[in-house]
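Numbering (mature numbering (1 follows the signal peptide of the UniProt record, and there is no 0)), first residue to last: -19 to -1, 1 to 599.
Cβ coordinates follow ideal geometry from the N, Cα and C atoms, glycine included.
Reading through the C-alpha cells given below for one structure.
Below is the structure:
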C-alpha cells in the first residue's frame, strides 16, 4: 500500500518517526533530470520490443498460501474472484459495537511511531474504541520532534495516551509497530525483549518478517504476531475514515494476516483492528505474500512505474509538437483524471470499451508495444523482492541517508509545467488519451500477471495493483503532483519509487515507443489475452464493494502531514525547531492560521478553499 500500499512524517529519514534523527540536511537538487533524447533515437533493431506471443492469460496458478479463517465475532462473506473462491469481512461503523468482543483481554494498544500510518491508525483506533475501556497510547522517543505532533491531535502524557516508546511497548497488551522498516530492522531485538509475555505484536507491513527470514531468524515464541495492511498511504486512511463519519463504510481496504497465534485470539484481534481503522473490507493473506506484493507493487504501477510513465510520455508528446501544457494534460492529467476515475468505479475493461474504434486502435498499439518491456522490469522487481535483495537494498540505502539524503522528485520540467496546469484545471476538460491509457493499462496488467504467476490471491492482486492506485495514490498525484503522492508514503516506498521509476522511463523510451515508431505490428494475441484476463471479473466484484465516496484530498489531515514532511526533509536542524513549535488549528474557527514557529514567521495559512498553502514557498 504502496500500503501502496503497503502510503509520513517519518519520510524525512528512515527512522525519524520514533525520533531517530540523521544529522545532515536533505539536498534540494533534482533527483531525475529530463533527458534530452529524442524518442526516435534508437534503431528498429533495438525493438527486441516485439511482444512475445506467449499467452499470459494461460498462466498456471497455484493457490495462495493465505487459506481460510474463522471468526466468532465478525461475519464472513464468500466472494468469487476470477473463478477462485475467497472470504472477506466487510467493515463499517455499524460493526463498532462488536469491537469490545474482538479486543477481549486487551486493556491497552500501543501505537509505536508517528510516520505515514501511525497518525491515521492511532487516531482512528482511539475514536473507534472510545468508551470501550481499551486505551490507545502512542509511544515515541522523548527527543522525537513528532512528540508535539502527537500532542496536537490529542495524545498527551497527562491523560496517559502518550509515553516513551519502550515504556509503552512494555505496558501494552497489543503493540502496533509503525516505525519505519529500517528502524524496525535496527531495533527489533530490543523491541522483542520489551514485549509482555503473551502480548500481540501488530505490523502494517511484512518487511520485518522478510528481513528476519533473510538472516534465518523469527519472531519470539509465546506472542501473537498479526498484520493489518491498509492498501493506501496513511493520510488516505485517516481522510476516508473522517469521510466515513457521514458515509458508512468509507475507508481504505486492508489485508490481514496471522503469522503466530499463541492464544487463539489472533484472528479476532486482526479483524477488530482492521474494522476499527475503517477498512471497508478485509481479505486474508500471509505476511510473506503481503511483503512480496506490497514492496513489489509500490515499485511498480502504484508509484515507480506511473512516475516513469508520465515523465517519458510528457517528453514524447512535447517532441511530437504538443505544447508543454497540453503534453502534461495528455499524460499525467489523463492518468490521474479520467483513466483513474473510470477504473476506480467500473474497472479496466470498461475503460477500454469506452473508447471509440479509432481510439482502440491507438490503445492497442501502445498496449502491445508496452506490455512485454514493462513485464520484464516488473518480473525483475518481483524476483528482487522475493529473493530478499530489495529488502537488503532498502536497509543499506537507509544507512546511507545521513550522507546522501533523499532529494526532490518533482524538480523536472514535467512537474514544473504540472503546477501551471493544475492551477488552471477544468476537470471536465481533461482528455482521455488512448495512447496514454494503453501504456498505463499495459503496465498495470503486466504487474497483475506477474502476481498471478507467483500465485497471489485475486483479492491481493486487485488491491495491490488496481484499487490502491486509483482510490488512494493517483488522487493525491492529481491533487498536487508526484511528490505529494510518493512522499506521503513510507521511506521504503519512497526509496523504491526513486530507484525503479528511471528503469520504466528508460525501457519505454528504448523498447516500447520505438516499436510504435517503427510500425511493429500489434500483437493481437496479447490484446486477446488482455480482454479475456480473469482479473476483470475480480476487479468488477471489487468495484461492487467500493464505498460510494471519493477521497477528498483537500483536508488538514492530508495537507498538514505532507507540508510538515516536506519542510522536515529539506533541513533536519530547522525541522526540529519548527516541528517542536507546531500549532494545529486551535479552537473551533476553521479559518484559524496554522503556524510553524520560526522567529515568529507565519509559514502556513489557509486559502479561501480551506486548503493549507505556504506563504513563501517550500
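Start and end of the alpha helix (DSSP H) containing residue 370?
-> Locating residue 370 in the chain shown gives position 389, where the first residue counts as 1. Unbroken alpha helix (DSSP H) run through residue 370: 370 to 381.
Which value, in whole angstroms, describes the spacing of the CA atoms of residue 359 and residue 481?
-> Counted from its first residue, the chain shown places residue 359 at position 378. Counted from its first residue, the chain shown places residue 481 at position 500. Spanning the two alpha carbons is a distance of roughly 10 Å.
What is the rounded straight-line gap between the Cα of residue 114 and the Cα of residue 108?
-> Working through the chain shown from its first residue, we reach residue 114 at position 133. Working through the chain shown from its first residue, we reach residue 108 at position 127. When rounded, the distance between both Cα atoms is 12 Å.
Could you check where the beta strand (DSSP E) with residue 206 kicks off and where it finishes?
-> The residue you call residue 206 lines up with position 225 of the chain shown. 205 to 211 is the span of the beta strand (DSSP E), which, as asked, contains residue 206.
Starting from the Cα of residue 462, find the closest Cα among 441, 502, 394, 245 and give me that residue.
-> Along the chain shown, read from residue 1 onward, the residue named residue 462 stands at position 481. With distances taken between Cα atoms, residue 462 lies closest to 394.
Can you grab the Cα-Cα spacing for the pair residue 446 / residue 154, in whole Å?
-> The residue you call residue 446 lines up with position 465 of the chain shown. The residue you call residue 154 lines up with position 173 of the chain shown. Cα to Cα, the separation comes out at about 34 Å.
State the CB to CB distance for the pair residue 530 and residue 231, rounded to an integer number of angstroms; the pair is presumed to be in contact (CB under 8 Å).
-> Position 549 of the chain shown, counting from 1, holds the residue named residue 530. Position 250 of the chain shown, counting from 1, holds the residue named residue 231. Confirmed, about 5 Å.
Check whether residue 603 and residue 441 have beta carbons under 8 Å apart = This structure leaves residue 603 out entirely; the chain is present only between -19 and 599.
Considering only residues of the same chain and omitting the five flanking positions on each side of residue 277, which have a CB-CB separation below 7 Å?
-> For the purposes of this step, residue 277 is taken as residue 296 along the chain shown, with counting starting at 1. The residues are 362, 363, 366.
In chain order, what residues of the same chain have a beta carbon less than 7 Å from the beta carbon of residue 674, not counting five sequence neighbours either side?
-> Residue 674 lies beyond the residue range present for the chain, which begins at -19 and ends at 599; the question has no answer from this structure.
Length of the line joining the Cα atoms of residue 321 and residue 287 = Locating residue 321 in the chain shown gives position 340, counting from the first residue. Locating residue 287 in the chain shown gives position 306, counting from the first residue. Spanning the two alpha carbons is a distance of roughly 12 Å.
Under the three-state reduction of DSSP, which class applies to residue 226: helix, strand or coil?
-> As a working note, residue 226 is residue 245 in the chain shown. In the structure shown, residue 226 sits in coil (DSSP, three-state: anything other than H, G, I, E or B).
Does the distance from the C-beta atom of residue 237 to that of residue 257 stay below 8 Å?
-> Here residue 237 is taken as the residue at index 256 of the chain shown, counted from 1. Here residue 257 is taken as the residue at index 276 of the chain shown, counted from 1. Going by C-beta atoms, residue 237 is not nearer than 8 Å to residue 257.
C-beta atoms of residue 419 and residue 344 nearer than 8 Å | Translated into positions along the chain shown, residue 419 becomes position 438. Translated into positions along the chain shown, residue 344 becomes position 363. Contact: yes.
Is DSSP giving residue 502 helix, strand or coil here?
-> One-based indexing of the chain shown puts residue 502 at position 521. Correct three-state label for residue 502: coil.
Exposed or buried, which one is residue 381 when buried takes at least 16 other CB atoms within 10 Å?
-> Residue numbering aside, residue 381 sits at position 400 when the chain shown is read from its first letter. That one is exposed.
How is residue 231 classed by DSSP in three states: helix, strand or coil?
-> Residue mapping note: residue 231 aligns to position 250 of the chain shown, counting from 1. Here residue 231 sits in coil by DSSP.
Beta-carbon proximity of residue 183 to residue 156, cut-off 8 Å | Sequence index remark: in the chain shown, residue 183 carries index 202 (1-based). Sequence index remark: in the chain shown, residue 156 carries index 175 (1-based). In this structure, residue 156 lies closer than 8 Å to residue 183 by Cβ.
Ordered along the chain, which non-local residues of its own chain (more than five positions away) have a Cβ less than 8 Å from that of residue 532?
-> Sequence index remark: in the chain shown, residue 532 carries index 551 (1-based). These residues qualify, in order along the chain: 217, 220, 221, 224, 452, 453, 456.
Less than 8 Å between the CB atoms is what I'm expecting for residue 177 and residue 212, so what's the real figure, rounded?
-> Working through the chain shown from its first residue, we reach residue 177 at position 196. Working through the chain shown from its first residue, we reach residue 212 at position 231. The pair is not a contact, with the Cβ atoms about 30 Å apart (cut-off 8 Å).
From the DSSP output, which residues share a beta bridge with residue 155?
-> Counting from one through the chain shown, the residue named residue 155 turns up at place 174. 90, 181.
Beta carbon of residue 399, beta carbon of residue 313: below 8 Å?
-> Taking the chain shown and counting its residues from 1, the one referred to as residue 399 is at position 418. Taking the chain shown and counting its residues from 1, the one referred to as residue 313 is at position 332. Contact: yes.
What do you reckon, are the CB atoms on residue 99 and residue 90 nearer than 8 Å?
-> One-based indexing of the chain shown puts residue 99 at position 118. One-based indexing of the chain shown puts residue 90 at position 109. Their beta carbons are not under 8 Å apart, which means residue 99 does not touch residue 90 by this criterion.
Euclidean distance between Cα positions of residue 185 and residue 158 = To locate residue 185, count along the chain shown from 1; it is residue 204. To locate residue 158, count along the chain shown from 1; it is residue 177. The straight-line gap from Cα to Cα measures roughly 8 Å.
Between residue 137 and the rest of its own chain, which residues show a CB-CB distance below 6 Å, the 5 nearest in sequence each way excluded?
-> Taking the first residue of the chain shown as 1, we reach residue 137 at position 156. Answer for residue 137: 143, listed in chain order.
Throw me the rounded Cβ distance for the residue 422 and residue 501 pair, which I believe falls under 8 Å.
-> The residue given as residue 422 occupies position 441 in the chain shown. The residue given as residue 501 occupies position 520 in the chain shown. 18 Å between Cβ atoms; not a contact.
Integer Cβ distance of residue 390 from residue 296, believed to fall under 8 Å | Against the chain shown, residue 390 aligns to sequence position 409. Against the chain shown, residue 296 aligns to sequence position 315. At roughly 16 Å, the Cβ-Cβ gap does not stay under 8 Å, so residue 390 and residue 296 are not in contact.
Mind checking which residues open and close the alpha helix (DSSP H) that includes residue 124?
-> As a position in the chain shown, residue 124 is number 143, starting the count at 1. Residue 124 -> no alpha helix (DSSP H), and no H or E assigned at all.
From 164, 79, 147, residue whose alpha carbon lies closest to that of residue 252 | Taking the chain shown and counting its residues from 1, one reaches residue 252 at position 271. With distances taken between Cα atoms, residue 252 lies closest to 79.
What residue does the alpha helix (DSSP H) around residue 307 start on, and which one ends it?
-> Sequence index remark: in the chain shown, residue 307 carries index 326 (1-based). 305 to 309 is the span of the alpha helix (DSSP H), which, as asked, contains residue 307.
Quick one: using the 10 Å Cβ neighbour count with 16 as the cut-off for buried, is residue 262 buried or exposed?
-> Walking along the chain shown from the start, residue 262 turns up at place 281. Under this definition residue 262 is a buried residue.
For chain C, find out if any of its Cβ atoms is closer than 8 Å to the Cβ of residue 457; answer yes or no.
-> The structure shown contains no chain C; it holds only a single protein chain.
Grab the span of the beta strand (DSSP E) containing residue 69 for me, first residue to last.
-> Locating residue 69 in the chain shown gives position 88, counting from the first residue. Note, residue 69: beta strand (DSSP E), 65 to 71.
What residues are listed by DSSP as bridge partners for residue 385?
-> In the chain shown, counting from the first residue as 1, residue 385 sits at position 404. Per DSSP, none; premise fails for residue 385.
To which residues of the same chain is residue 239 closer than 7 Å at the C-beta, ignoring the five residues directly before and after it?
-> The sequence position of residue 239 within the chain shown is 258, counting from 1. Excluding sequence neighbours, residue 239 sits near 207, 247, 248, 251.
Where the beta strand (DSSP E) through residue 265 begins and ends | Walking along the chain shown from the start, residue 265 turns up at place 284. That run of the beta strand (DSSP E) goes 262 to 265.
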